Amino acid sequence: MSNQQDQPNPPAEALSFEAALEELEGIVGELERGETDLERSIERFERGMALARRCEERLGEAEAKVAVLLKEGNRIVSVDMDTGEPLAEYQDPGDEILPEANDPRIATPPDDDEIPF
Numbered sequence: 000m001s002n003q004q005d006q007p008n009p010p011a012e013a014l015s016f017e018a019a020l021e022e023l024e025g026i027v028g029e030l031e032r033g034e035t036d037l038e039r040s041i042e043r044f045e046r047g048m049a050l051a052r053r054c055e056e057r058l059g060e061a062e063a064k065v066a067v068l069l070k071e072g073n074r075i076v077s078v079d080m081d082t083g084e085p086l087a088e089y090q091d092p093g094d095e096i097l098p099e100a101n102d103p104r105i106a107t108p109p110d111d112d113e114i115p116f
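Structure follows, in structure tokens:
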């Protein structure tokens, strides 16, 4: 245990997603066991927060990359990462959502001719 504690950790920003997640899981386990003193627990918590931020950053980068890879012409298709189903289409990055005509999850406003008043 002291061997790992004596070695300096690389900055969280330098780690891959997998390496950061693995270290974060180890820290969570260490803190859950409650075998460390208060000072060490605080140090580990701080390191864990830096690793969690790194993981979130890498996930965001991966999500953006997937969106670019799914770009079709001038449209970007947002895809549910669990099911692979399209959620919405964007004309250009930052534009408003263009609802799919066949998507029952997205309501379309009625035509003026359909309004009774």
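Here the sequence shown stands for residues 0 to 116, where the numbers follow numbering that gives the first Met the number 0.
For each residue, glycine too, the CB sits at the ideal point set by N, CA and C.
All of these numbers come straight from a predicted model, not from anything done at the bench.
query: Alpha carbon to alpha carbon, how far is C54 from E22? Give it in angstroms, no decimals.; result: 11 Å
query: Look at the alpha carbon of G47 and the alpha carbon of A11, and state the distance between them as a whole number of angstroms.; result: 9 Å
query: Can you give me the C-alpha to C-alpha distance between G25 and A63, rounded to a whole angstrom?; result: 28 Å
query: Inspect the beta-carbon positions of R57 and F16 and report whether they are closer than 8 Å.; result: yes
query: Taking Cβ to Cβ, would you say D43 is nearer than 8 Å to E29?; result: Sequence inspection shows Arg at residue 43; the Asp mentioned does not correspond to that position. Contact: yes.
query: Under a three-way DSSP split, which group does S40 fall into?; result: helix
query: When burial is assigned at 16 or more other CB atoms within 10 Å of the CB, is L14 buried or exposed?; result: buried
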